[in-house]
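Chemist: Just so we're aligned, residue 3 is where the first sequence starts under our numbering, counting upward by one.
Where a beta carbon is used, it is the ideal one built from N, C-alpha and C, also for glycine.
As the structure is a prediction and not an experimental result, all values here were calculated from the model.
Here's a structure for you.
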Amino acid sequence: MATPVRHLHQHDGETVTVRGWLANKRSSGKIAFLHVRDGSGTVQCVVSRAEVSDEAWEDVKRVTQESTVRVTGIARRDQRAPGGVEIHATDFKVKALSDDFPITKKEHGTAFLMEHRHLWLRSSRQRAALRVRSEVCQAIRDFFYEREFTLIDSPILTPTACEGTSTLFQTDYFGTPAYLSQSGQLYLEPAAAALGKVYCMGPTFRAEKSKTRRHLMEFWMVEPEVAFLELDGLIQLAEEFVCYLVCRVLERCRDELAVLERDVSRLEKITPRFPHVTYGEAIESLQGAGYDVRWGDDFGAEHETFLASQHDKPLFVSRFPAAIKAFYMQPDPQDEKLALGIDLLAPEGYGEIIGGSQRIHDYELLRRRIEEHQLPLEAFRWYLDIRRYGTFPHSGFGMGIERFVCWMCGLSHLRETIPYPRMLHKIYP
RNA sequence: UCCUCGGUAGCUCAAUGGUAGAGCAAUCGGCUGUUAACCGAUGGGUUGGGGGUUCAAGUCCCUCCCGAGGAGCCA
Numbered sequence: 003m004a005t006p007v008r009h010l011h012q013h014d015g016e017t018v019t020v021r022g023w024l025a026n027k028r029s030s031g032k033i034a035f036l037h038v039r040d041g042s043g044t045v046q047c048v049v050s051r052a053e054v055s056d057e058a059w060e061d062v063k064r065v066t067q068e069s070t071v072r073v074t075g076i077a078r079r080d081q082r083a084p085g086g087v088e089i090h091a092t093d094f095k096v097k098a099l100s101d102d103f104p105i106t107k108k109e110h111g112t113a114f115l116m117e118h119r120h121l122w123l124r125s126s127r128q129r130a131a132l133r134v135r136s137e138v139c140q141a142i143r144d145f146f147y148e149r150e151f152t153l154i155d156s157p158i159l160t161p162t163a164c165e166g167t168s169t170l171f172q173t174d175y176f177g178t179p180a181y182l183s184q185s186g187q188l189y190l191e192p193a194a195a196a197l198g199k200v201y202c203m204g205p206t207f208r209a210e211k212s213k214t215r216r217h218l219m220e221f222w223m224v225e226p227e228v229a230f231l232e233l234d235g236l237i238q239l240a241e242e243f244v245c246y247l248v249c250r251v252l253e254r255c256r257d258e259l260a261v262l263e264r265d266v267s268r269l270e271k272i273t274p275r276f277p278h279v280t281y282g283e284a285i286e287s288l289q290g291a292g293y294d295v296r297w298g299d300d301f302g303a304e305h306e307t308f309l310a311s312q313h314d315k316p317l318f319v320s321r322f323p324a325a326i327k328a329f330y331m332q333p334d335p336q337d338e339k340l341a342l343g344i345d346l347l348a349p350e351g352y353g354e355i356i357g358g359s360q361r362i363h364d365y366e367l368l369r370r371r372i373e374e375h376q377l378p379l380e381a382f383r384w385y386l387d388i389r390r391y392g393t394f395p396h397s398g399f400g401m402g403i404e405r406f407v408c409w410m411c412g413l414s415h416l417r418e419t420i421p422y423p424r425m426l427h428k429i430y431p
């Protein structure tokens, strides 16, 4: 039975067997140092010529990087070993020899690494980032489970554009066009009337020809939707949510953040309460800083970066002009020109990680908005029904999981936060 | 879609318009505590494709392809 490398420190002095892949080899003629990765960690195995059979030594000589191997030996704590534990081998066997591994110990460009994404996953930084992603997804489910939300999986194939804004991927559905979902929100609202507090988490697709480090064609989004929740409650939920996730990453991913050389002190500052400005205040502060923006403009990337850079914590921006926001956002009762929407801008230049709003619950108003946005009324009949059969105020938000993970890991590009990124004109591997 | 930069050995990069190179990787040899091990030797090229200028093009011009970063849009 193989022992996971992660648990080796519990087996000091015992004979253990490890199965995995050869991460690196150094040899000095009659002693060899083999680094073996088994998925749970990497351990240094010391093989002395005099202490193993001729067959084992032949395998030591011929083993190549990333070959599948099996090592048996005695686990020993040793200061000289990376990780503090090493195995003094009594046997070593190559189970499957690897061809020349394309990714070597020296540096590579990202274009080359992306072309070999399926192999790049084996490197320590990529493994660390994907572990953080896994922890974030688990924490999301735990957060909502603890608060008695119900998971509602929204469809990926949809008959129409949800919001009528973004470009969608079109596919064929038995002879009629169908589209890959760009949001589960509209399908979540009816479920909120059934179950009160609901959320969905799944892949989302945008066919926009975005070519930046902050965009993917296929990304994962988590979207809660809550009946009888209004804007202030939504802001509080989003803040608790983000703090919960950051705490979990700090608690459970210390080793991964160290591999990624993340400055954790920046994350330790992410505690309640988050700063909050209205759209109007944000415009004034941008104008004060010399930016050429007027009331009614949407923020550009440089504006978001400026606003977020004023704070160590994420920044809420709320009450945008209704004209630049989605059709379903509830108007501000204080000023009908404003929509009760929020954005949450992450610090350190990681941009918008959350967008949300209180939804229109008045039937006539929503119908008028659909017409004003020149959306097909018939396609939204079911969505309007929610306002016919016992309407209720409700709110929700969407968080981009890759953007959140990118921020946690301190990465400079979204492509390293998802196992197989789909980017503009790139779908291999 | 637009703007900027780039494409030379398997990889990362050099090369005034004048003989295409280095480090790493690979292969072979040496070395009993290596930390991206080290030392010696060997093999490795349609300089992204096509066209043009020139005695001479990796280098200059045109064009197409591919890549990177940014803008717009958004999460």
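1. Report, in whole angstroms, the separation of the C-beta atoms of Arg198 and Ala240, which I expect to be a contact under 8 Å.
2. If you draw a straight line from the alpha carbon of Ala4 to that of Lys63, how long is it in whole angstroms?
3. By DSSP, does Ile388 sit in helix, in strand, or in coil?
4. State buried or exposed for Glu137, treating a residue as buried only when at least 16 other CB atoms are found within 10 Å of its CB.
5. Taking 7 Å as the limit between beta carbons, can you name the residues of its chain near Ser100, skipping five residues before and five after?
6. Of the choices Leu346, Leu426, Gly75 and Tyr330, whose alpha-carbon is the least far from that of His396?
7. Bridge partners for Thr1 per DSSP, in chain order?
8. Say whether the region 261-273 touches the region 285-299, bearing in mind that this needs 3 or more beta-carbon pairs closer than 8 Å, one atom from each stretch.
9. Give the DSSP-derived three-state secondary structure of Ser126 in the structure shown.
10. Need the endpoints of the beta strand (DSSP E) that Thr162 sits in, please.
11. Just the Cα atoms here: how many angstroms apart are Met219 and Asp144?
12. Would you kindly work out how many angstroms separate the C-alpha atoms of Thr74 and Val38, rounded to a whole number?
13. Tell me the start and end of each unbroken alpha helix (DSSP H) in the region 395-419 that is at least 4 residues and wholly inside, in chain order.
14. Just mark Leu153 as buried or exposed, buried being the case when its beta carbon has 16 or more other beta carbons within 10 Å.
15. Apart from the five residues just before and just after Ile420, which ones in its own chain have a Cβ nearer than 6 Å to its Cβ?
16. Cys47 lies in the beta strand (DSSP E); which residues open and close that run?
17. Could you tell me whether the Cβ atoms of Val224 and Met401 are closer together than 7 Å?
18. Take Arg415 as the anchor and find which of Lys107, Pro104, Thr112 and Pro157 has the nearest alpha-carbon.
19. Helix, strand or coil: which one does DSSP assign to Ala195?
20. By a C-beta neighbour count over all protein chains shown, 10 Å radius and 16 as the cutoff for buried, is Asp345 buried or exposed?
21. Does DSSP put Lys63 in a helix, in a strand, or in coil?
22. Please return the same chain residues whose Cβ sits closer than 8 Å to the Cβ of Ile1, not counting the five positions on each side in sequence.
23. What does the alpha-carbon distance come out to for the pair Ala141 and Lys32?
24. When the Cα of His90 is compared with those of Val45, His118 and Thr106, which residue comes out closest?
25. Excluding sequence positions up to five away, which residues of its chain have a Cβ less than 8 Å from the Cβ of Ile237?
26. Using a Cβ-Cβ cut-off of 8 Å (strictly less than) and excluding sequence neighbours within five positions of Thr393, which residues of its own chain qualify?
Modeler: According to the structure shown:
1. Locating residue 198 in the first sequence gives position 196, where the first residue counts as 1. Locating residue 240 in the first sequence gives position 238, where the first residue counts as 1. A small correction: the amino acid at residue 198 is Gly; Arg does not occupy that position in the sequence shown. Going by Cβ atoms, the distance from Gly198 to Ala240 rounds to 18 Å, so no, they are not a contact pair.
2. For the purposes of this step, residue 4 is taken as residue 2 along the first sequence, with counting starting at 1. For the purposes of this step, residue 63 is taken as residue 61 along the first sequence, with counting starting at 1. Distance between the alpha carbons of Ala4 and Lys63 is about 23 Å.
3. The sequence position of residue 388 within the first sequence is 386, counting from 1. In the three-state reduction of the DSSP assignment, Ile388 falls in the helix class, which pools H, G and I.
4. The residue labelled residue 137 in the question sits at position 135 within the first sequence. Result: buried.
5. In the first sequence, residue 100 corresponds to position 98, counting from 1. Once the five neighbours on either side are set aside, the close Cβ partners of Ser100 are Thr66, Gln67, Glu68 and Ser69.
6. Within the first sequence, the letter at position 394 stands for residue 396. Checking every option, the nearest Cα to that of His396 belongs to Tyr330.
7. Examination of residue 1 is not possible in this model, given that the chain is present from 3 through 431 alone.
8. no
9. Numbered from its first residue, the first sequence carries residue 126 at position 124. Here Ser126 sits in helix by DSSP.
10. Locating residue 162 in the first sequence gives position 160, where the first residue counts as 1. Note, Thr162: premise wrong, no beta strand (DSSP E); not H, not E.
11. As a working note, residue 219 is residue 217 in the first sequence. As a working note, residue 144 is residue 142 in the first sequence. A straight-line Cα-Cα distance of about 27 Å links Met219 and Asp144.
12. Start at 1 with the first residue of the first sequence, and residue 74 comes out as number 72. Start at 1 with the first residue of the first sequence, and residue 38 comes out as number 36. Roughly 12 Å between the two C-alpha positions.
13. 403-411
14. As a first step, residue 153 must be located in the first sequence, where it is residue number 151. Exposed, since its Cβ has fewer than 16 Cβ neighbours within 10 Å.
15. Here residue 420 corresponds to residue number 418 of the first sequence, with the count starting at 1. Contacts found: Glu404.
16. Sequence index remark: in the first sequence, residue 47 carries index 45 (1-based). It spans Thr44 to Ser50 - the beta strand (DSSP E) in which Cys47 sits, taken as one unbroken run.
17. Start at 1 with the first residue of the first sequence, and residue 224 comes out as number 222. Start at 1 with the first residue of the first sequence, and residue 401 comes out as number 399. Result yes, Cβ atoms of Val224 and Met401 sit closer than 7 Å.
18. Here residue 415 corresponds to residue number 413 of the first sequence, with the count starting at 1. Note that residue 415 is His in the sequence shown, not Arg. Closest by alpha carbon: Thr112.
19. Along the first sequence, one-based indexing puts residue 195 at 193. Three-state DSSP puts Ala195 in a helix.
20. On the first sequence, position 343 is the one that residue 345 refers to. It counts as buried.
21. Position 61 of the first sequence, counted from the first residue, corresponds to residue 63. In the structure shown, Lys63 sits in a helix (DSSP, three-state: H, G or I).
22. Outside the shown range of the chain, which is 3 to 431, sits residue 1, and nothing can be said about it.
23. Mapped onto the first sequence, residue 141 falls at position 139. Mapped onto the first sequence, residue 32 falls at position 30. Their backbone Cα atoms lie some 49 Å apart in a straight line.
24. Against the first sequence, residue 90 aligns to sequence position 88. The shortest C-alpha separation from His90 is found at Val45.
25. For this step, residue 237 is matched to residue 235 along the first sequence. Closer than 8 Å at Cβ, skipping near neighbours: His278, Phe318, Ser320 and Ile344.
26. In the first sequence, the residue the question calls residue 393 occupies position 391. Cβ within range, chain order: His363, Asp364 and Tyr365.
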